[in-house]
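Below: the structure, in structure tokens.
Residue numbers (the numbering used here): 12 to 291.
If you want it as structure tokens, here you go:
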């Protein structure tokens, strides 16, 4: 792996650079599986932060170009598809980020309240009602409001989050959730290594899909806040593909993740293929 790692970092490989990227947000893990997961999370979030910012500032910025889509050999890189053709979390994020309609929460100016960004690249207007919830780390909702927004065709809009809904700057126990038309955006005032995450609790069930012997639904029900849940389908079978990437669930919410090409799978195997953010 190090031989294929061409990034320069003083010691002849780019793992030091990857470690520094992880350490800005998380405590650097001691095992490879967690390290692999967290580097993927950091990559997806970093690219998302840029694209969400640029798209929401239309027409000042009219587009972005992604580097890069795939790799031609096994290597640690910023590609969205690895050398074996497997989809990284970034690939799923790019699907969300470049959809015609995008919902995001942008950092506020000078540490102020965040902004709601609504991007509409469709040919007709979009008039979503954004449900805002300020939550605590245990998932309790402490404030809630609905904010109607209107954005024209091929346009973007930004409005400030009402001050009464904004988490306290620097709070390690509050975060903001925005939902509209099946889209979700999140704002955490501090980095993950500081935030008071609960120990994630969730149940896992596996349901075969009727008429498809190599396809199942992995059903995850959250008992706590579960951030950036990822099903690594290739841990179930080398050629298996999941229908979704990173997901964040609030307590009581459920996600149904379709997996193709895996064959029969039980709940224990599915759970072993699931990763999420854990408290420091």
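Positions of the beta carbon are idealized from the N, C-alpha and C atoms, including for glycine.
Check, Outcome
"Who are the Cβ neighbours of residue 211 in its own chain at under 7 Å, not counting the five residues just before and after it?", "235, 237, 287, 289"
"Tell me the rounded alpha-carbon separation between residue 266 and residue 190.", "15 Å"
"Closer than 6 Å by C-beta to residue 48: which residues in its own chain qualify, once you throw out the five before and the five after it? Chain order, please.", "286"
"Sorted by chain position, which residues of the same chain lie with C-beta nearer than 7 Å to residue 227's C-beta, five sequence neighbours on each side aside?", "217, 218, 219, 220, 270, 273, 276"
"With 16 as the cutoff for other CB atoms within 10 Å, does residue 283 come out buried or exposed?", "exposed"
"Just tell me which of 156, 199, 176, 192 has its CA closest to the CA of residue 182.", "199"
"Check each candidate in 249, 148, 130 and name the one with the smallest Cα separation from residue 62.", "130"
"Can you look up residue 71 in the DSSP assignment and give me helix, strand or coil?", "coil"
"From residue 188 to residue 28, what does the alpha carbon distance come to, in whole angstroms?", "31 Å"
"Note down the Cα distance separating residue 36 from residue 68, rounded to an integer number of angstroms.", "26 Å"
"Assuming contact is defined by CB atoms lying nearer than 7 Å, are residue 110 and residue 99 in contact in what I supplied?", "no"
"Any idea if residue 137 is buried or exposed, counting beta-carbon neighbours within 10 angstroms, 16 or more meaning buried?", "buried"
"Could you give the distance in angstroms between the alpha-carbon of residue 152 and the alpha-carbon of residue 56?", "25 Å"
"Should the stretch 110 to 122 be called in touch with the stretch 163 to 180, which here means at least 3 C-beta pairs below 8 Å?", "yes"
"Just the C-alpha distance for residue 149 and residue 229, rounded to the nearest angstrom, thanks.", "24 Å"
"Quick check on the DSSP output: the beta strand (DSSP E) that includes residue 156 runs from which residue to which?", "152 to 159"
"Quick one: using the 10 Å Cβ neighbour count with 16 as the cut-off for buried, is residue 170 buried or exposed?", "exposed"
"Taking just the CA atoms, how far does residue 231 sit from residue 294?", "Residue coverage of the chain in this structure runs from 12 to 291, which leaves residue 294 outside it and unanswerable."
"Identify whether residue 166 lies in helix, strand or coil by the three-state DSSP scheme.", "strand"
"Assuming residue 32 is part of the alpha helix (DSSP H), what are its boundary residues?", "26 to 34"
"For residue 115 versus residue 196, is the C-beta spacing smaller than 7 Å?", "yes"
"State buried or exposed for residue 106, treating a residue as buried only when at least 16 other CB atoms are found within 10 Å of its CB.", "exposed"
"Measuring alpha carbon to alpha carbon, tell me which of 73, 34, 65, 20 ends up nearest residue 54.", "34"
"Please confirm whether residue 101 and residue 52 have their CB atoms less than 7 Å apart.", "no"
"For residue 43, count the other beta carbons within 10 Å of its own beta carbon; 16 or more makes it buried, fewer makes it exposed. Which is it?", "exposed"
"For residue 126, which residues does DSSP report across the bridge?", "117, 171"
"In the DSSP assignment, what are the bridge partners of residue 285?", "242"
"Which one of 164, 185, 163 has the shortest CA to CA distance from residue 154?", "185"
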